[in-house]
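Chains as they are written, first to last, in our numbering: chain A, 1 to 114; chain B, 1 to 113.
Below is one structure; the comments refer to it alone.
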């Protein structure tokens, strides 16, 4: 079945460092891809999404490009802030196969130190 | 526009009891999905409702059930609680069952003692 694999955490960075969180997926259809962020004690917030190959999602300085050839959707940010400390989840939604329910990776905890 | 709301935010129950969680979707959203989040299993899909009908179901035992009302509000019920049911239960809504983006509520933290 469909699945998402993302890099294990935790990831600890200094403020203004560059961030990359790797995410790869397995899907037989043409899924939409998402990054969600979860701050302590809260639910999930949609960070960005891409719906087809070569699409780039971006929001709040974060970017991710839908790479069908490598089945990847890596999350990047050029300069992280302390306020970016959170858990990041990569997810896919395959409307054809799974009727659109989200399949998540295990999550990557990011800690940014001042 | 108000976001997805869930009540209660925190709940403590004992084994064998049952519990009902509530979710109000974003206004105009007619699809509601439920997810369970645990440290061991991560985020797992429970079920989805659209127009008061269950459209999709994850791999959970029959103790987990839900329903949706005509105003799109949804409830999730867990009967005969087990220790392993302790989790954060998240509700998500989307406009219809065919739109891809889901918006999540803050969750209900259930602790089973």
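Glycine included, each C-beta is placed from N, C-alpha and C at the ideal position.
Remember, predicted model here, so these are calculated numbers, not experimental data.
Legend entry - Contacts around residue 89(B), its chain only, beta-carbon distance under 7 Å, and the 5 residues preceding and following it disregarded: Walking along the second chain from the start, residue 89(B) turns up at place 89. Same-chain partners within the cutoff: 21, 34, 36, 76, 107, 108 and 110.
Inset, instruction - Please classify residue 71(B): is it buried, with 16 or more other beta-carbons within 10 angstroms of its beta-carbon, or exposed? - result: Position 71 of the second chain holds residue 71(B). The residue in question, residue 71(B), is exposed, as its Cβ has fewer than 16 Cβ neighbours within 10 Å.
Inset, instruction - Can you grab the Cα-Cα spacing for the pair residue 65(A) / residue 87(B), in whole Å? - result: Counting from one through the first chain, the residue named residue 65(A) turns up at place 65. Counting from one through the second chain, the residue named residue 87(B) turns up at place 87. Using only the alpha carbons, I get a separation of about 32 Å.
Inset, instruction - My understanding is that residue 33(A) touches residue 80(A), with C-beta atoms under 8 Å, so please give their C-beta distance in whole angstroms. - result: In the first chain, residue 33(A) corresponds to position 33, counting from 1. In the first chain, residue 80(A) corresponds to position 80, counting from 1. Actually they are not in contact, since the Cβ atoms of residue 33(A) and residue 80(A) sit about 21 Å apart, beyond 8 Å.
Legend entry - residue 49(A) - partner residues in DSSP beta bridges: For the purposes of this step, residue 49(A) is taken as the residue at position 49 of the first chain. 34(A), per the DSSP bridge assignment.
Legend entry - 8 Å Cβ cutoff, residue 108(A) in contact with chain B: The sequence position of residue 108(A) within the first chain is 108, counting from 1. Chain B contact via Cβ: absent.
Inset, instruction - Starting from the C-beta of residue 11(B), find all residues in its chain whose C-beta is less than 8 Å away, skip the five residues before and the five after it, and write them out in chain order. - result: In the second chain, residue 11(B) corresponds to position 11, counting from 1. If we look at residue 11(B) and ignore the five residues flanking it on each side, its Cβ neighbours are 19, 21, 108, 109, 110 and 111.
Inset, instruction - Output yes or no for whether 8 Å exceeds the beta carbon distance between residue 92(A) and residue 50(A). - result: Translated into positions along the first chain, residue 92(A) becomes position 92. Translated into positions along the first chain, residue 50(A) becomes position 50. Contact: no.
Legend entry - Of the residues 41(A), 77(A) and 52(A), the one placed nearest residue 69(A), counting alpha carbons only: Counted from its first residue, the first chain places residue 69(A) at position 69. If we check each option's Cα against that of residue 69(A), 52(A) comes out closest.
Legend entry - Straight-line gap, residue 43(A) to residue 82(B) (C-alpha atoms, nearest Å): In the first chain, residue 43(A) corresponds to position 43, counting from 1. In the second chain, residue 82(B) corresponds to position 82, counting from 1. Using only the alpha carbons, I get a separation of about 23 Å.
Legend entry - For residue 83(B), three-class secondary structure by DSSP: Within the second chain, numbered from 1, the residue matching residue 83(B) stands at position 83. Helix, per DSSP.
Inset, instruction - With 8 Å as the limit, tell me which residues of the segment 54–85 of chain B have their beta carbon closer than that to any beta carbon of chain A; keep them in chain order. - result: 55, 56 and 58
Inset, instruction - Taking only beta-carbon positions, decide if residue 104(A) is within less than 8 Å of chain B. - result: For the purposes of this step, residue 104(A) is identified with residue 104 of the first chain, where counting begins at 1. Closer than 8 Å: yes.
Legend entry - Segments assigned beta strand (DSSP E), at least 3 residues, entirely inside the segment 1–84 of chain B: 5–7, 10–13, 19–24, 31–38, 42–50, 53–57, 64–68 and 74–78
Inset, instruction - Identify each residue in the segment 41–68 of chain A for which the Cβ-Cβ distance to at least one residue of chain B is less than 9 Å, and report them in chain order. - result: 41, 42, 43, 44, 45, 46, 49 and 51
Inset, instruction - Tell me, to the nearest whole angstrom, how far the beta carbon of residue 110(A) is from that of residue 29(A); I am working on the premise that it is less than 8 Å. - result: Taking the first residue of the first chain as position 1, residue 110(A) is located at position 110. Taking the first residue of the first chain as position 1, residue 29(A) is located at position 29. That belief does not hold up - the Cβ atoms of residue 110(A) and residue 29(A) are roughly 30 Å apart, past 8 Å.
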